[in-house]
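Shown next, in structure tokens, is the structure this report addresses.
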Amino acid sequence: MALSLYDASVANYLQTLGAVSGFLDRALSHFEENNIDPEAIVETRLAADMLPFRFQIISVVQHSRGAIEGVQQGLFNPPSFKTPFNFAGLQAHVTQARDALSALTPEAVNALAGRDVIFALGDRKLPFTAEGFLMSFSLPNFYFHATTAYDILRTNGVPLGKRDFMGRLKLKA
């Protein structure tokens, strides 16, 4: 059986978005149990020259739901550096992405194969096919930002492990 565009993209987005949602919930519990304001993490960075936790979560959504929407529209733009989410807003943003992606059918996503997609960053325009965009640009960015968000939480004391990052496995029924 061949791997479909849906299987390679949306199914993976949903697994990791579920994990991100879970580790956000776990972080909130940790913060509440330790009398830590969850808003303190929103602007936290791993390094001074990296973007904050808030941007990492926004990017996870942009490189999943936003990537599929970009393929549907033929145009993808990077997320704003300045979207003003608080911790609860970040949680809701992830939930909305999961809901939107869960509503997609494999047939609808697979029908996007071969479409042209332009990645636009200011005046710079990079041409892709749907498959090239999702596999070589969107998914690597998606995993990078999910990992960075996880790492920010871990370095700030949230008790997370590898299973928290992996999410629900696709086991044989």
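Going by numbering that gives the first Met the number 0, the first residue of the sequence shown is number 0, and it counts up by one from there. No residue lacks a Cβ here, since even glycine has one placed at the ideal position from N, Cα and C.
Alpha carbon to alpha carbon, how far is residue i from residue j?
i: Q55; j: R25; result: 17 angstroms
i: Y149; j: L103; result: 26 angstroms
i: D163; j: F22; result: 6 angstroms
i: L170; j: A110; result: 26 angstroms
Specify, as a first and last residue, the run of the alpha helix (DSSP H) that residue i falls within.
i: T43; result: Taken as a continuous stretch (DSSP letters only), T43 belongs to no alpha helix (DSSP H), as it is neither H nor E.
i: T128; result: Note, T128: premise wrong, no alpha helix (DSSP H); beta strand (DSSP E) at R123 to T128.
i: I151; result: L138 to T154
i: P105; result: P105 to N109
i: V60; result: F52 to Q61
i: V70; result: R64 to Q72
What are the boundary residues of the beta strand (DSSP E) that includes residue i?
i: I117; result: D115 to L120
Label residue i either buried or exposed according to how many other C-beta atoms from any shown protein chain fall within 10 Å of its C-beta, with 16 as the threshold for buried.
i: T147; result: buried
i: L138; result: buried
i: G65; result: buried
i: R97; result: buried
i: T15; result: buried
i: A145; result: buried
Below 8 angstroms on the Cβ atoms is my contact criterion, and I expect residue i with residue j to pass it. Report the Cβ-Cβ distance as a whole number of Å.
i: L133; j: P77; result: That pair is no contact at about 15 angstroms.
Report yes if the C-beta of residue i is less than 7 angstroms from at least one heavy atom of the ligand ZN; otherwise report no.
i: A99; result: The ligand content of the structure shown is nil, which means the ligand ZN is not present either.
- Task: Output the residue ranges of the beta strand (DSSP E) runs that lie fully inside the segment 74–101 and measure 3 residues or longer, sorted by chain position.
- Result: none
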